[in-house]
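Everything below concerns the one structure shown next.
Next up, the structure:
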């Protein structure tokens, strides 16, 4: 599918504008709730849903245009294979963001806004386009209040929202960003990466100060990570927000980012653990969750949510472990990437099997839960005992150096060294 040959505008004498989101086929229904909220707030220009997996040629949307990422982004077959294998679902979606911006401005769009599919718009988005009349890029920080001691591992800006105006500065920035995302759109806090976002800490170095708008509007990109610093109230069917200090004026809630909520439960009217926890600690947030529930209940979310991610498994159905993706990325960087890592008859798969590194299932997340605390505690006690023994045998100074070395050596990026016939000559990557 190609972009429409004639570029729509928002009115006589105005610049061509569009908004896009990126998602899997399973999240088309969620993306459509975003599109419906935009339409209800008066947005009439193009809304594109860029779908990263599966064929969508038999699907149309009443609120936007579906665009297959494979056709839009212009990767070669080998590049597409590399992108879909080395990145997990979230990493892959975020890796395409700069490329989609570039493709859209190449087709004549002058003002382009990206919104994550898990966002709802409650006020007119035209105010962002108004900012783009005088600026080349518009972002929102994760937090406005800097009175906290924890650095932002996800970067200064939350790129669930990003707006650009086509200019030489913007194109240079997007091309630089696209190159980084092609190779390093990974979530790896230990090495300082966080998908597409951490790279944009460099945004003030690429866009002139007077052309970069960092919005301090508390109602834009309201999200779980900044609710603690803001107060909410509702009047006459509208939501308002201000910083919790109480010194600022109330501002309308423009858009809410429902990151990591259980949309499947919400689509059935069920408050999941995340929704309950957020509402319990944030007075006034429950009506905003109710708004998402209402949208989802009227959407096609249930029609698509059961569709599995196309790039989650090898050709024989075995799941691709997150560690396998890091191993492949390391081999690719070293010029040793196999032609088709998805192939269960290929060298990469066989090399993993030879080292007993294939798995039958992959947990949804690698984090200890309340049910795991006993087992984790026992493992920690064993490691504590082994560490005390190592200190007695070798001294604390050597133990300290060993612990720093193992932090790096045991990282999945170095697991490529374990493959028989592949990666054995790679150096340990330090970071």
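Residue numbers (the numbering used here): 5 to 435.
Ideal Cβ positions, reconstructed from N, Cα and C, are used throughout, including at glycine.
Keep in mind that this is a model prediction, so the values were computed, not measured.
Neighbourhood of residue 262 by C-beta, 6 Å cutoff - its chain only, sequence neighbours within 5 removed: 122, 296
Outcome for residue 131 when other beta-carbon atoms lying within 10 angstroms are tallied against a minimum of 16: exposed
Helix, strand or coil at residue 239 according to DSSP, with G and I counted as helix: Secondary structure at residue 239: strand, using DSSP grouped into helix, strand and coil.
Cut-off 7 Å between Cβ atoms - residues of its own chain near residue 311, not counting five sequence neighbours on either side: For residue 311, where only same-chain residues beyond five positions count, the Cβ hits under 7 Å are 29, 30, 58.
Test item: CB-CB of residue 102 and residue 182 under 9 Å: Yes; because the gap between Cβ atoms is below 9 Å, this pair is in contact.
Endpoints, the alpha helix (DSSP H) within which residue 109 is located: 101-110
Start and end residues, beta strand (DSSP E) containing residue 261: 259-261
Contact under 9 Å by Cβ, residue 337 with residue 187: yes
Chain-order list of residues whose beta-carbon lies under 6 Å from that of residue 200 (same chain, five-residue window excluded): 98, 101, 163, 185, 189
Three or more C-beta pairs below 8 Å linking the region 49-69 and the region 319-331: no
Inter-residue spacing [alpha-carbon to alpha-carbon] between residue 406 and residue 433: 15 Å
Whether residue 143 touches residue 165 by CB criterion (9 Å): yes
Candidates 321, 25, 238, of which the one nearest residue 291 by Cα: 238
Limits of the beta strand (DSSP E) - the one that residue 226 falls within: In the DSSP assignment, residue 226 falls within the unbroken beta strand (DSSP E) covering 224-226.
Nearest-angstrom Cα separation, counted from residue 410 out to residue 72: 42 Å
Cut-off 8 Å between Cβ atoms - residues of its own chain near residue 231, not counting five sequence neighbours on either side: In the same chain as residue 231, and ignoring 5 residues on each side of it, the C-beta atoms closer than 8 Å to its own belong to 282, 285, 286, 289, in chain order.
Option nearest residue 300 by Cα separation, candidates 317, 197, 275, 270: 270
Entirely enclosed alpha helix (DSSP H) segments - the region 359-414, minimum 4 residues: 377-398, 400-413
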